[in-house]
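Residue numbers (my numbering): 457 to 619.
No residue lacks a Cβ here, since even glycine has one placed at the ideal position from N, Cα and C.
Contents: one structure, followed by commentary.
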DNA sequence: GCCAACGTTGGC
DNA sequence: GCCAACGTTGGC
């Protein structure tokens, strides 16, 4: 069976006090591993669906302003989140074993830091985004699928051409 | 700071 | 397997 190669899109949430897009920009090669996801639905996306080359919208949650602040690309697909194995790490989880990991992560590299963040309040005004998971109240998922239409609309709002 | 939504835990 | 209690997320 032929492997489906269609590029997919995602939204990753981060509290900027913990890890912001500026932190990503300062990383070597502007690349980081995305650790600390401790929700099974989000884990499943990271382990099974997020693929090299996929597009990522970087969202600042619990922040002022709440906004999509840039894009990244996936450079390494799902592999075990080693922070779960480290006692003392804030993401330590004793039920995750090296030979049977519970939690997964991917690596992403910064592509574009928006010159002007696309604020949540702006997104809420856009008709074509009214179904976007991020904007549904009570949506706490930290790794969310984004449709190609939503991806293009957000880049358009950010004034970004190519991505 | 408030609180609704959601996920997890644990007693039964 | 049910569900109440509890903890966390995250917008407002």
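Among 604, 583, 491 and 610, which residue has its Cα nearest to the Cα of residue 545? Of the candidates 604, 583, 491 and 610, the one whose C-alpha sits nearest the C-alpha of residue 545 is 491.
Can you give the Cα-Cα distance for residue 465 and residue 606, rounded to whole angstroms? Each residue's Cα considered, the two are about 9 Å apart.
I'd like to check one pair, residue 502 with residue 600: are the Cβ atoms closer than 9 Å? No.
Nearest residue (CA-CA) to residue 541, options 553, 485 and 533: Of 553, 485 and 533, the residue nearest in Cα terms is 553.
How would you write the range of the beta strand (DSSP E) that residue 554 sits in, first residue to last? Per DSSP, residue 554 belongs to no beta strand (DSSP E) and is neither H nor E.
Quick check: what's the CA-CA separation for residue 537 versus residue 494? Straight-line Cα distance between these residues: approximately 10 Å.
Please report how far the alpha carbon of residue 476 lies from the alpha carbon of residue 516, in whole angstroms. Distance between the alpha carbons of residue 476 and residue 516: 7 Å.
Starting from residue 470 and walking both ways along the beta strand (DSSP E), at which residues does that stretch end? Residues 465-470.
Identify which residue in 593, 574 and 584 has its Cα closest to the Cα of residue 526. Ranking 593, 574 and 584 by Cα distance to residue 526 puts 574 first.
I need the DSSP call for residue 634, collapsed to helix, strand or coil. No statement about residue 634 is possible, as the shown extent of the chain runs from 457 to 619 and does not include it.
Whose CA, out of 609, 572, 566 and 597, lies closest to the CA of residue 586? Selected option, being the one with the closest Cα: 609.
Secondary structure at residue 529, three-state DSSP: helix, strand or coil? In this structure, residue 529 counts as strand in the three-state DSSP scheme.
Check residue 570 in the structure and name its three-state DSSP category. The three-state secondary structure of residue 570, taken from DSSP, is strand.
Excluding the five sequence neighbours on either side, which residues of its own chain have a C-beta within less than 7 Å of the C-beta of residue 602, listed in chain order? Closer than 7 Å at the Cβ level, and outside the excluded window around residue 602, lie 465, 466, 467 and 513.
Rounded straight-line distance, which links the Cα of residue 470 to that of residue 564: The straight-line gap from Cα to Cα measures roughly 13 Å.
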